[in-house]
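Numbering (the numbering used here), first residue to last: 1228 to 1335.
Where is the CB? At the ideal position from N, CA and C, for every residue including glycine.
The structure displayed is predicted, hence computed values, not measured ones.
Notes to accompany the following structure.
Written out as structure tokens, the structure is:
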């Protein structure tokens, strides 16, 4: 989600948090640190009072946006089947075995 939000341009921490309702400050901070360590985003500290920190995608992070959106589109297109698989897994305690090949997820 952070990568998607930053794909529209650099944002400060507060702006990021407001754009993702429900995320705690702790979880956002942890996610930002991990993405920075993975070199998917950069952190720029502006020398003002109070200090302002701005996050933006690195070149590597920008290259990740397209496959991320493709994965989102795939999940959205297969939501009904994925939900059915998850419900069956939860009910049986294991992954669903597809009996009808017409219900199998497409490989491409």
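When the Cα atoms are used, residue 1275 and residue 1291 turn out to be separated by approximately 31 Å. Counting of Cβ neighbours within 10 angstroms places residue 1229 among the buried residues, the total reaching 16 or more. With a threshold of 16 other beta carbon atoms within 10 Å, residue 1288 meets it and is buried. Partner residues in the beta bridge of residue 1239, as assigned by DSSP, are 1281.
Three or more beta-carbon pairs drawn from the segment 1228-1242 and the segment 1256-1271 are found closer than 8 Å, and the two stretches are therefore classed as touching. Where residue 1287 is concerned, there is no enclosing beta strand (DSSP E), although the alpha helix (DSSP H) around it starts and stops at 1286-1304. DSSP places residue 1276 outside both helix and strand once states are collapsed to three, so it counts as coil. Within the DSSP secondary-structure output, residue 1269 pairs in a beta bridge with 1283. Secondary structure of residue 1251 (DSSP, three-state): coil.
The shortest CA-to-CA distance from residue 1232 to any of 1264, 1308 and 1295 is the one to 1295.
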